[in-house]
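Visitor: Sharing a structure here in structure tokens format.
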Amino acid sequence: MKLFEQVAQPLVEQASSLLGISLSITDEKGIIIGSDNKDRIGTLHPVSSRVIEEGREVVFTKEQVDNMENVLPGIAAPICFDHKVIGVLGIVGEPESVRKYVKFIHSHIEMFLRESFRTESELVQMKTTELFVQHLIHYEDWKDTSKLEEYCQLLGVHFNRLRVCLLIHFPVLQESSSQADPLQTQLQSLIGYLFRESNEDIVCPVNQEQWVVFKIIDSKGEPKLRRTCESAIGKLTAFLDREGVRGRVTIAYGKSYMGLEGAARSYQQAKKAIMAGLRSDSEESVYSFDSWSILPDIFLEDIDLRFLELFADDIRNIWEFPESDMLIETFIAYCESSMNVSKAARNLYIHRNTLMYRLNKISELSRIDPQSFEQCIVLYIALKKKERNPLFMKVSGKNY
3 MKLFEQVAQP LVEQASSLLG ISLSITDEKG IIIGSDNKDR IGTLHPVSSR VIEEGREVVF
63 TKEQVDNMEN VLPGIAAPIC FDHKVIGVLG IVGEPESVRK YVKFIHSHIE MFLRESFRTE
123 SELVQMKTTE LFVQHLIHYE DWKDTSKLEE YCQLLGVHFN RLRVCLLIHF PVLQESSSQA
183 DPLQTQLQSL IGYLFRESNE DIVCPVNQEQ WVVFKIIDSK GEPKLRRTCE SAIGKLTAFL
243 DREGVRGRVT IAYGKSYMGL EGAARSYQQA KKAIMAGLRS DSEESVYSFD SWSILPDIFL
303 EDIDLRFLEL FADDIRNIWE FPESDMLIET FIAYCESSMN VSKAARNLYI HRNTLMYRLN
363 KISELSRIDP QSFEQCIVLY IALKKKERNP LFMKVSGKNY
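When we follow my numbering, the leftmost residue of the sequence shown carries the number 3, and every step to the right adds one.
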């Protein structure tokens with residue numbers, strides 16, 4: 003057991019220093035792997051095999067060990083883990099003098115081993131989960147899904163039920179150093195407590211500022227899920243406040259699907275929803291992929307960039323106008339004010355006639371009718387799409 007070999011010497015040094023006694027620990031082969039006398043480490047302790055074989059405490063007096071090599075008087079007790087003897091604890095000294103220490107040290111070692119193994123198992127489980135999640139969210143890059151299925155077997159999870167992906171965004175944690183950071187560890191426990199209802203629900207960090215939850219859900223569970231998210235926002239924010247960390251917590255989730263491909267699809271939806279939510283001026287903290295408050299933004303993101311080529315000349319005319327920024331701002335505000343001239347003018351703090359002049363100039367440059375909803379929405383989409391894709395911004399003397 004590799005873990006046993008790693009902790010044996012620190013355990014011996016700690017107990018020996020604390021109690022002022024001489025100790026040794028051997029592995030299942032009788033090799034000393036921990037001793038306050040470092041010259042003994044790596045040597046064979048011949049009587050350990052007897053203790054392991056009998057599975058009980060054995061006393062060795064000075065007279066008994068006189069003719070034995072590398073054996074000192076004292077008491078030897080088997081060390082057990084998972085109902086199996088894995089080594090021997092040796093306490094050196096007159097048996098009657100050191101007997102009072104046996105139970106205490108023996109119990110401490112076995113308890114420490116159990117806790118260390120549990121911690122190591124949790125770390126291995128977490129690393130395996132992280133690898134699985136990274137494979138899953140990049141599902142489209144994998145032609146062979148057998149690796150994902152292997153991870154499912156290792157983790158004991160199944161994707162034959164509806165699952166929804168939630169993304170939790172913590173921009174305030176960008177500078178957090180690692181998963182081993184105490185704040186991240188506490189955060190993992192809290193997120194698990196808030197969202198994990200099934201042993202097969204998956205909670206895992208995606209990066210330094212986002213956590214993902216792949217949650218089993220029934221077909222009518224969406225209203226409950228939203229309430230869960232809204233409640234979680236408050237608890238997560240309160241936790242960060244107590245830790246002296248200030249910032250907005252945002253949660254987004256996709257639609258629910260079955261299968262690995264469905265889970266990956268839900269993740270991509272949650273990712274788009276959270277990006278759209280963060281870009282919006284909304285005070286909401288929870289976004290669903292099909293929320294009307296962000297659907298227009300998601301729609302704009304998904305439009306093929308080649309769409310702009312249809313309006314190349316018209317958009318170029320607008321962009322090359324000396325006051326193009328002002329015209330574009332005015333037109334977008336007009337569309338976002340439900341094409342209400344008075345409302346748009348108020349929002350821009352300009353006179354109604356000034357707004358009408360700018361709309362007429364847009365019409366002159368692009369050939370659209372500012373009173374036609376259909377024409378305006380097409381130009382609006384083109385300008386908004388161009389606005390968020392610098393690749394298509396016009397550079398003086400160049401086409402976009």
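Glycine included, every Cβ here is placed at the ideal spot set by N, Cα and C.
Please read these numbers as outputs of a predicted model, since none were measured by experiment.
1) Of the residues 375, 22, 368, 317, which one's Cα is nearest the Cα of residue 342?
2) Report the option in 385, 358, 335 whose CA atom is closest to the CA atom of residue 312.
3) What do you get for residue 382, buried or exposed, if any count of 16 or more other CB atoms within 10 angstroms of its CB means buried?
4) Tell me the rounded alpha-carbon separation between residue 349 and residue 241.
5) Would you identify the three-state DSSP class for residue 212, choosing helix, strand or coil?
6) Between the Cα of residue 71 and the Cα atoms of 355, 47, 28, 207, which residue gives the shortest distance?
7) Residue 118 and residue 5 - do their beta-carbons sit closer together than 8 Å?
8) Which residues mark the beginning and the end of the alpha helix (DSSP H) in which residue 359 is found?
9) Using a threshold of 8 Å, state whether the C-beta atoms of residue 89 and residue 43 are closer than that.
10) Mind checking which residues open and close the beta strand (DSSP E) that includes residue 86?
11) Just how far apart, CA to CA, sit residue 255 and residue 327?
12) Between residue 134 and residue 154, what straight-line distance do the alpha-carbon atoms span, to the nearest angstrom?
13) Where do the ends of the alpha helix (DSSP H) carrying residue 225 lie?
14) What number of angstroms, rounded off, separates the C-alpha of residue 402 from the C-alpha of residue 360?
15) What is the rounded straight-line gap between the Cα of residue 142 and the Cα of residue 187?
16) Run through DSSP, which three-state label would residue 46 get?
17) With distances taken Cα to Cα, identify the nearest neighbour of residue 247 among 94, 172, 66, 339.
18) Tell me the DSSP secondary structure of residue 257 in three-state form.
19) If you draw a straight line from the alpha carbon of residue 306 to that of residue 184, how long is it in whole angstroms?
20) Use the C-beta contact count for residue 251: other C-beta atoms within 10 angstroms, 16 or more gives buried, fewer gives exposed.
21) Taking C-alpha atoms, which residue in 111, 106, 97 lies nearest to residue 83?
22) On the three-state DSSP scale, how would you describe residue 217?
23) Any idea what DSSP makes of residue 131, helix, strand or coil?
24) Beta-carbon within less than 8 Å of residue 14's beta-carbon, same chain only, minus the 5 sequence neighbours each way: which residues are those?
25) When you compare the CB positions of residue 32 and residue 50, do they come within less than 8 Å of one another, or not?
26) Take residue 179 and list the residues in its own chain whose beta-carbon comes closer than 6 Å to its own, dropping the five residues that flank it on each side.
27) Taking buried to mean at least 16 other C-beta atoms within 10 Å of its own C-beta, is residue 346 buried or exposed?
28) Let me know the secondary structure DSSP gives residue 279 once reduced to three states.
29) May I have the straight-line CA-CA distance separating residue 323 from residue 365, to the nearest angstrom?
30) Three-state secondary structure (DSSP) at residue 179?
31) How is residue 139 classed by DSSP in three states: helix, strand or coil?
32) Per DSSP, residue 171 is paired with what?
33) Is the Cβ-Cβ distance between residue 217 and residue 281 less than 8 Å?
34) Give the DSSP bridge partners of residue 26, in chain order.
35) Straight-line CA distance for residue 353 to residue 344?
36) Counting only the same chain and skipping the five closest in sequence on each side, list residues whose C-beta sits under 6 Å from that of residue 11.
Guide: Quick look at the numbers:
1) Along the sequence shown, one-based indexing puts residue 342 at 340. Considering only alpha carbons, the answer is 375.
2) For this step, residue 312 is matched to residue 310 along the sequence shown. Among 385, 358, 335, the Cα nearest to that of residue 312 belongs to 385.
3) Start at 1 with the first residue of the sequence shown, and residue 382 comes out as number 380. When all chains shown are included, residue 382 counts as buried.
4) Start at 1 with the first residue of the sequence shown, and residue 349 comes out as number 347. Start at 1 with the first residue of the sequence shown, and residue 241 comes out as number 239. Near 38 Å, if we compare the C-alpha coordinates of residue 241 and residue 349.
5) Counting from 1 along the sequence shown, the entry for residue 212 is found at position 210. DSSP places residue 212 in strand when its eight states are reduced to three.
6) Locating residue 71 in the sequence shown gives position 69, where the first residue counts as 1. Checked all of 355, 47, 28, 207; the closest Cα to residue 71 is 47.
7) Position 3 of the sequence shown, counted from the first residue, corresponds to residue 5. Position 116 of the sequence shown, counted from the first residue, corresponds to residue 118. In contact: residue 5 and residue 118 (Cβ atoms closer than 8 Å).
8) In the sequence shown, the residue the question calls residue 359 occupies position 357. Where residue 359 is concerned, the enclosing alpha helix (DSSP H) stretches over 354-368.
9) By one-based count along the sequence shown, residue 89 stands at place 87. By one-based count along the sequence shown, residue 43 stands at place 41. No, these two residues do not count as a Cβ contact at 8 Å.
10) Working through the sequence shown from its first residue, we reach residue 86 at position 84. Note, residue 86: beta strand (DSSP E), 86-94.
11) Mapped onto the sequence shown, residue 255 falls at position 253. Mapped onto the sequence shown, residue 327 falls at position 325. Looking at the two C-alpha atoms, the distance is approximately 35 Å.
12) Your numbering for residue 134 matches position 132 in the sequence shown. Your numbering for residue 154 matches position 152 in the sequence shown. The alpha-carbon atoms of residue 134 and residue 154 are separated by roughly 8 Å.
13) Position 223 of the sequence shown, counting from 1, holds the residue named residue 225. Start and end: 224-244.
14) For the purposes of this step, residue 402 is taken as residue 400 along the sequence shown, with counting starting at 1. For the purposes of this step, residue 360 is taken as residue 358 along the sequence shown, with counting starting at 1. At residue 402, the pLDDT of 39 sits below 50, so the modelled position is not reliable; the number obtained from the coordinates is stated separately. Computed Cα separation, rounded: 24 Å.
15) Indexing the sequence shown from 1 puts residue 142 at position 140. Indexing the sequence shown from 1 puts residue 187 at position 185. Their backbone Cα atoms lie some 30 Å apart in a straight line.
16) To locate residue 46, count along the sequence shown from 1; it is residue 44. Looking at residue 46 - three-state DSSP - the assignment turns out to be strand.
17) Taking the sequence shown and counting its residues from 1, one reaches residue 247 at position 245. Taking only the C-alpha atoms, the option nearest residue 247 is 172.
18) In the sequence shown, the residue the question calls residue 257 occupies position 255. Coil.
19) Stepping through the sequence shown from its first residue, residue 306 is reached at position 304. Stepping through the sequence shown from its first residue, residue 184 is reached at position 182. Going by the C-alpha atoms only, they are around 44 Å apart.
20) Position 249 of the sequence shown, counted from the start, is the residue given in the question as residue 251. When all chains shown are included, residue 251 counts as buried.
21) As a working mapping, residue 83 is identified with position 81 in the sequence shown. Among 111, 106, 97, the Cα nearest to that of residue 83 is on 111.
22) Locating residue 217 in the sequence shown gives position 215, counting from the first residue. In the structure shown, residue 217 sits in a strand (DSSP, three-state: E or B).
23) Your numbering for residue 131 matches position 129 in the sequence shown. Here residue 131 sits in helix by DSSP.
24) On the sequence shown, position 12 is the one that residue 14 refers to. Excluding residues within five positions, the ones whose Cβ falls inside 8 Å are 25, 26, 27, 36, 37, 38.
25) Numbered from its first residue, the sequence shown carries residue 32 at position 30. Numbered from its first residue, the sequence shown carries residue 50 at position 48. Yes, the pair counts as a contact, with Cβ atoms nearer than the cut-off.
26) In the sequence shown, counting from the first residue as 1, residue 179 sits at position 177. With a pLDDT of 46 at residue 179, under the threshold of 50, the modelled position of this residue cannot be trusted; read the value that follows with caution. For residue 179, where only same-chain residues beyond five positions count, there are no Cβ hits under 6 Å.
27) In the sequence shown, the residue the question calls residue 346 occupies position 344. With 16 or more other Cβ atoms within 10 Å, it is buried.
28) If you number the sequence shown from 1, residue 279 lands on position 277. Helix, per DSSP.
29) Here residue 323 is taken as the residue at index 321 of the sequence shown, counted from 1. Here residue 365 is taken as the residue at index 363 of the sequence shown, counted from 1. About 13 Å.
30) The residue given as residue 179 occupies position 177 in the sequence shown. Caution is warranted here: a pLDDT of 46 is assigned to residue 179, below 50, making its placement in the model unreliable, and no coordinate value can be reported.
31) As a working mapping, residue 139 is identified with position 137 in the sequence shown. Looking at residue 139 - three-state DSSP - the assignment turns out to be helix.
32) Here residue 171 is taken as the residue at index 169 of the sequence shown, counted from 1. Bridge partners of residue 171: 212, 252.
33) Position 215 of the sequence shown holds residue 217. Position 279 of the sequence shown holds residue 281. In this structure, residue 281 does not lie closer than 8 Å to residue 217 by Cβ.
34) Locating residue 26 in the sequence shown gives position 24, counting from the first residue. According to DSSP, which records beta bridges pairwise, residue 26 is partnered with 37, 92.
35) As a working mapping, residue 353 is identified with position 351 in the sequence shown. As a working mapping, residue 344 is identified with position 342 in the sequence shown. Rounded to whole angstroms, residue 353 to residue 344 spans 9 Å at the Cα level.
36) In the sequence shown, the residue the question calls residue 11 occupies position 9. Only 36 meet the Cβ criterion.
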